[in-house]
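Undergrad: Before I ask anything, let me first share the structure, which is written out below as structure tokens.
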Amino acid sequence: MKDGQYKNPVPTVDIIIETEHDGKKGIVLIKRKNPPFGWAIPGGFVDYGETLENAAVREALEETALHVKLVRQFHAYSDPSRDPRLHTVTTVFIAKAEGSPRGMDDAAEAEIFSREEVPRDMAFDHAVILEDYFSGRY
């Protein structure tokens, strides 16, 4: 503590969106427009005064154009190196949606991927999160 100031991690949310559209079933991932580049689970920063749940619904809509229904909270991830920009703590939610995702806001693209199709170039620690999700670890 210096001069009465604490340095704390920044809260974020990530949303694993389960969907089916035009016969394609899987989860929605976004291709990031900004660094760190790569594919990612939709998500972002929690605004001051906002609940985690509201942030998850808002971020999903902003990045994928999908209105989601949260199913449950999945797990929290807090490794200080999970985001190269700053120390974040994310709460991951599982949600359901219908419709065709579109890349919006920070997302250049949004697509549906099956487990076998998940890209290798995942941003942040999202490969670890998806490994936990697909294996039923939490």
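Take 7 as the starting number for the sequence shown in my numbering and just add one per residue. Think of the CB as a built atom: it goes at the ideal place given N, C-alpha and C, for glycine as much as any other residue.
(1) Considering only residues of the segment 51-94, which uninterrupted beta strand (DSSP E) runs meet the minimum length of 3 residues and lie entirely inside it, listed in chain order?
(2) Distance check for S120 and K30, CA to CA, integer angstroms please.
(3) Quick check: what's the CA-CA separation for Q79 versus F99?
(4) List, from N- to C-terminal side, the beta strand (DSSP E) runs of 3 residues or more that fit wholly inside the segment 15-40.
(5) Looking at the structure shown, is I135 part of a helix, part of a strand, or coil, going by DSSP?
(6) Pull up the distance between the alpha-carbon of E24 and that of A71, whole angstroms please.
(7) Would you check if there are 3 or more beta carbon pairs closer than 8 angstroms linking the segment 126-140 to the segment 52-62?
(8) Which same chain residues end up closer than 6 angstroms to H132 when comparing Cβ atoms and leaving out the 5 residues on each side of it in sequence?
TA: Taking the definition as stated:
(1) Annotation note: the segment 51-94 contains the following uninterrupted beta strand (DSSP E) runs of length 3 or greater, listed N- to C-terminal: 75-83.
(2) C-alpha separation (whole angstroms): 8 angstroms.
(3) For Q79 and F99, the distance between alpha carbons rounds to 4 angstroms.
(4) Secondary structure remark: continuous beta strand (DSSP E) runs of at least 3 residues inside the segment 15-40, in chain order: 16-27, 30-38.
(5) Helix, per DSSP.
(6) A straight-line Cα-Cα distance of about 14 angstroms links E24 and A71.
(7) Touching, no.
(8) A46, I47, listed in sequence order.
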